[in-house]
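Residues in the sequence shown are numbered consecutively from 0, following numbering that gives the first Met the number 0.
Glycine included, each C-beta is placed from N, C-alpha and C at the ideal position.
Worksheet: the structure to be examined is printed underneath.
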Amino acid sequence: MNFSDSDVLKHKKPSKDLDWWIPNIDHRITPKVRNTLEIYSGTPAEEVVSHVYNIRDQAWSIRPWPCTGMGMFFSSSLPKHPSYSDILALIQSGGHFLDIGCYCGTDLRQLMLDGCPQTNLHGVDLVNHWDLGYDLYRDRHKFDVEYIEADLLNPSEQMRALEGKIDVFGATHLLHNWDWETQVRAAANIVGLSKVGAMVVGFQVGTSNEGPTWNPKNGKEKPELHNLSTFKRLWEETAKTTGTKWNVESRLRDWQDLGHRANETVYLGPESRILEFLVSRTA
Numbered sequence: 000m001n002f003s004d005s006d007v008l009k010h011k012k013p014s015k016d017l018d019w020w021i022p023n024i025d026h027r028i029t030p031k032v033r034n035t036l037e038i039y040s041g042t043p044a045e046e047v048v049s050h051v052y053n054i055r056d057q058a059w060s061i062r063p064w065p066c067t068g069m070g071m072f073f074s075s076s077l078p079k080h081p082s083y084s085d086i087l088a089l090i091q092s093g094g095h096f097l098d099i100g101c102y103c104g105t106d107l108r109q110l111m112l113d114g115c116p117q118t119n120l121h122g123v124d125l126v127n128h129w130d131l132g133y134d135l136y137r138d139r140h141k142f143d144v145e146y147i148e149a150d151l152l153n154p155s156e157q158m159r160a161l162e163g164k165i166d167v168f169g170a171t172h173l174l175h176n177w178d179w180e181t182q183v184r185a186a187a188n189i190v191g192l193s194k195v196g197a198m199v200v201g202f203q204v205g206t207s208n209e210g211p212t213w214n215p216k217n218g219k220e221k222p223e224l225h226n227l228s229t230f231k232r233l234w235e236e237t238a239k240t241t242g243t244k245w246n247v248e249s250r251l252r253d254w255q256d257l258g259h260r261a262n263e264t265v266y267l268g269p270e271s272r273i274l275e276f277l278v279s280r281t282a
């Protein structure tokens, strides 16, 4: 894999032998997920499980992302962020939310179901899983959020049209895909769309290892996991590069907090954690 490439899994074979492929994801179909698929989407109760597995197989054939293999793509993680109530209030009062790496659009649908106007919600992704989202939720006739198929590392005109408009950027499981220099470039492009007061929120894979896990040289070969210090340093470098100022709040959480079973993330190592973050532009 090329960790400076926009599409890091472009050449990855979608093999079910990959460490993050979990054959049985029945436990992911929680009462909340089932309720959404039955009530909002109109999927018959007896078809929910087979429907989810069918969509996952299709998504896996597009790109073998861990969120697909682990069956996380149909369960919104955003409500588990401590700032969620503030995000809802902001968007409901006229603010705009851009989900970068929006995948099937699950977080955007959750925001909509929780009362946010669709006109204030936007999604961008490099590879189209958006249409699968319509198939999963069966809502093409009623879900009309703006979707932009574009590359964060080389923003399109349509994406640049959002400059200065976005109040909250969703960036879950995004930056950790790249080497250090590419992460700075990606973060700088987010900054380029932002305005003072904007927030970047989300979760990504992190580590409790406080050793020197990140430097530009080793990062060019393979991304390392951020600890709290290196994640802050990433945004300090981005701020310096862009001439802006950002406040970084982050913490490490256990995988179980976001619905993972202990054995599902063994391949990431014993020190791996979920890194939760809220980065706010102050100047």
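CB contact flag (residue i, residue j, <8 angstroms)
i	j	result
Leu277	Ser82	yes
Asn246	Thr281	yes
Phe202	Ile99	no
Ala197	Ile165	yes
Ser249	Phe230	yes
Arg252	Glu275	yes
Cys115	Ile90	yes
Leu233	Ser271	no
Lys79	Leu257	yes
Lys11	Pro63	yes
Leu152	Ser5	yes
Leu125	Asp150	yes
Trp59	Gly70	no
Cβ-based burial, residue i [other Cβ within 10 Å; buried from 16]
i	result
Asp143	exposed
Leu112	exposed
Val200	buried
Pro154	buried
Ala44	exposed
Gln157	exposed
Val190	buried
Ala88	exposed
Gly163	exposed
Glu263	buried
Gln182	buried
Gln255	exposed
Arg139	exposed
Gly242	exposed
Asn188	buried
Asp18	exposed
Arg108	buried
Asp56	exposed
Thr171	buried
Proximity test, residue i beta-carbon vs the ligand FAD heavy atom, cut-off 7 angstroms
i	result
Met71	No copy of the ligand FAD occurs in the structure displayed, which carries no ligand at all.
Proximal residues to residue i (C-beta, below 6 angstroms), its chain only, five neighbours per side dropped
i	result
Asp25	none
Gly132	Cys103 and Gly104
Ile86	Val167
Glu236	Val183
First and last residue of the uninterrupted beta strand (DSSP E) at residue i
i	result
Lys276	The amino acid at residue 276 is misidentified as Lys; the sequence shows Phe. Phe276 -> beta strand (DSSP E) spans Ser271 to Arg280.
Asp98	Phe96 to Ile99
Ile147	Glu145 to Glu148
Asp124	Leu120 to Asp124
Same chain, Cβ closer than 8 angstroms to residue i, five either side skipped, listed in chain order
i	result
Leu97	His121, Gly122, Val123, Leu161, Ile165, Val167, Phe168, Gly169 and Leu192
Gln117	Met111, Phe142, Asp143 and Val144
Arg137	Ser40, Gly41 and Thr42
Leu267	Val204 and Leu224
Gly93	Asn119
Lys244	Ala238, Arg280, Thr281 and Ala282
Asp106	Ser75, Ser76, Leu77, Asp98, Gly169 and Thr171
Range of the contiguous alpha helix (DSSP H) that encloses residue i
i	result
Phe202	Per DSSP, Phe202 belongs to no alpha helix (DSSP H); it is in the beta strand (DSSP E), Met198 to Thr206.
Leu36	It is not in any alpha helix (DSSP H) - Leu36 carries neither H nor E in the DSSP assignment.
Asn226	That residue, Asn226, is in no alpha helix (DSSP H); it is neither H nor E in DSSP.
Tyr136	Trp129 to Tyr136
Ile249	The residue asked about is misnamed: residue 249 is Ser in this sequence, not Ile. Premise fails: Ser249 lies in the beta strand (DSSP E), Trp245 to Arg252, not in any alpha helix (DSSP H).
Gly163	Unbroken run through Gly163: none, as it is neither H nor E.
Gln117	Looking at the DSSP string, Gln117 is not in any alpha helix (DSSP H), and its letter there is neither H nor E.
Asn53	Val47 to Ile61
Pro65	Pro65 to Gly68
Glu180	Trp179 to Leu192
Residues near residue i by beta carbon distance below 7 angstroms, same chain, minus five either side
i	result
Ile28	Val47, Val48 and Val51
Asn127	Glu148
Leu135	Ile54, Phe73 and Cys103
query = Would you say the segment 64-81 touches the segment 27-40, given that touching needs at least three Cβ pairs under 8 angstroms?
reply = yes
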